[in-house]
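Visitor: Below: one structure in structure tokens.
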RNA sequence: GGGGGCGUAGCUCAGUCGGUAGAGCAACGGCCUUUUAAGCCGUGGGUCGAAGGUUCAAGUCCUUCCGCCCUCACCA
């Protein structure tokens, strides 16, 4: 009962070891065939390559290696498919071509990893086939694979046993190949703009750069608590102070918060900072990046996500936060404290003890965000809710900040970076006075010191890579773009030994 | 944390009004040299997520618990 993960009786899947397969391991050994040999014979050719050259290469000899599919047995002839990382193709085993192997043919079965040497040809119906002249078992599979036609559907089993999901549902692998290509293309984009890719600490002594509860850990030798980073922001801006001028980091951040279709406690963030730029520059960068991803990776600007279609051809509309606020709240002014308060109460989002700006922002999130399918830049946020953003030269109440919405989700956050050390220090100290558990408990004075040396005007960007991939790949849940999403661990228990297994069966 | 849904064979799923636990694929034993969800003959396989309760009788009804999914809340 492998997918009855919930039953409280220890390791859940050992029962899947198939007794007949264990016996076949013994038979193999008796016949002098290693079930888990160290060496792979020949040099396997990727199946995709074999198939691509079939017209000119028919009759040539190839080694291919991969996982064996279901066997179709005709007595003196057996067909199966073989799948490797690049694709799948048919192999044909004929008694007359495999006199030595033939008595052992039934020791090889679906799920085993094998290498096959043989001549590339076709069947009577034209199916490209390698007619084996050598068959070498590389790894015996002890568990029954999921059903050939439906694959593995049970979502919990798919996430917990992604290794099975990947080989039994080939389209899953495609999502992760897409992920790899998108990230490579992001790097190429920033590299070509002269950005330097950097790696900054993940263990922080003061969590900062975002508002979120951190994970706490402990360093034994120093005997101090450390925090897994909630954002790389403050370190990256130190590099701007240091004169690196254009830097980006793609890395994991950790937030000790809820899990949902849009949230995983660890996720991948892109952050970039560019000196002598402002948030307008950054909007151009985002458009350039998305345009490039569409052209070079997807081959289209039209994407489908959660039953809706989006066009990612730039430019994207820019809408002012204040205007959107009024638009979806009957013309109510963001700055009308009493009106906003009443509206929050009416919506049921009013919480006591919050600043007027935060109340207003809750109203914004309740009334405006559901309508932001995007792509759209929401620009010019009230400065009071943007502690790391620079105020507009024209209007000191407005911060030069934008958030990017796409697919109804907040995908990115960016601003003209606040580089006034006095202003920054005051804002940090206000945060510390606030007893909100998500605000830092300590001012990062070292970061303030960095600003005191002088940080050039800069535009910074943060994009949630996983959410971006959800939209680009059309997967509605963040778990489908994470190879190993966080699930509650199974109850620990004694894993039965194989001997126990056998005696259980008898 | 609230609400809703789900959990039955290795996998995918049925299971009516409470009345002996089902199918397809997979597995096991055979036959077959052109199949590709191969076909044909035969066989085995279940603590129905767990515990408790109601009942003559529970996969089915009730309670509690476990896990997963969706949703709301939360979420720079």
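Numbering (my numbering), first residue to last: 1404 to 1909. The beta-carbon is built from N, C-alpha and C at its ideal position, and this holds for glycine as well. All values reported here derive from a predicted model rather than from experimental measurement.
1) Taking residue 1851 and residue 1833 to be in contact with their CB atoms under 8 Å, please state how far apart those CB atoms are, rounded to whole angstroms.
2) Can you give me the C-alpha to C-alpha distance between residue 1770 and residue 1753, rounded to a whole angstrom?
3) Cutting at 7 Å between CB atoms, please list the residues of its own chain near residue 1662, excluding the five before and the five after it.
4) Strictly by DSSP, which residues pair up with residue 1480?
5) How close, in whole Å, do the beta carbons of residue 1588 and residue 1714 come, if the pair is a contact with beta carbons under 8 Å?
6) With distances taken from CA atoms, which of 1438, 1677, 1465 is nearest residue 1597?
7) Can you tell me which residues form a DSSP beta bridge with residue 1520?
8) Taking the beta strand (DSSP E) that residue 1807 belongs to, which residues open and close that run?
9) Take every Cβ of the segment 1645 to 1652, pair it with every Cβ of the segment 1620 to 1631, and state whether three or more of those distances are shorter than 8 Å.
10) Can you have a look at residue 1949 and say buried or exposed, based on whether 16 or more other CB atoms are within 10 angstroms of its CB?
11) Could you give the residue range of the alpha helix (DSSP H) that holds residue 1566?
12) According to DSSP, is residue 1531 helix, strand or coil?
13) Report the residue ranges of all alpha helix (DSSP H) runs contained in full by the segment 1428 to 1457; include only those spanning at least 4 residues, in chain order.
14) Which word fits residue 1803, buried or exposed, when buried means at least 16 other C-beta atoms lie within 10 angstroms of its C-beta?
15) Compute the distance between the beta-carbons of residue 1554 and residue 1464, then report whether it is under 9 Å.
16) Would you list the one or two residues that DSSP bridges to residue 1487?
17) Can you list, in chain order, the stretches of the beta strand (DSSP E) that have 3 or more residues and sit fully within the segment 1710 to 1750?
18) Which residues in the same chain have their Cβ closer than 7 Å to the Cβ of residue 1885, if we skip the five residues on either side of it in sequence?
19) Answer with buried or exposed for residue 1783, where buried requires no fewer than 16 other C-beta atoms within 10 angstroms of its C-beta.
20) Helix, strand or coil, according to DSSP, for residue 1708 in the structure here?
21) Less than 9 Å separating the beta-carbons of residue 1673 and residue 1638?
22) For residue 1611, report the span of its beta strand (DSSP E) as first-last.
23) What residue range is occupied by the uninterrupted beta strand (DSSP E) comprising residue 1671?
Guide: Reading it off the structure:
1) Residue 1851 to residue 1833, Cβ: 13 Å. No contact.
2) 13 Å
3) 1668, 1889
4) 1497
5) Actually they do not touch by this definition, with Cβ atoms about 19 Å apart.
6) 1677
7) 1466, 1537
8) 1801 to 1809
9) no
10) Not covered by the structure: residue 1949. The range shown for the chain is 1404 to 1909.
11) 1565 to 1571
12) strand
13) 1450 to 1455
14) buried
15) no
16) 1490
17) 1711 to 1714, 1721 to 1723
18) 1667, 1869
19) buried
20) strand
21) no
22) Where residue 1611 is concerned, there is no enclosing beta strand (DSSP E), given that its DSSP letter is neither H nor E.
23) 1669 to 1678
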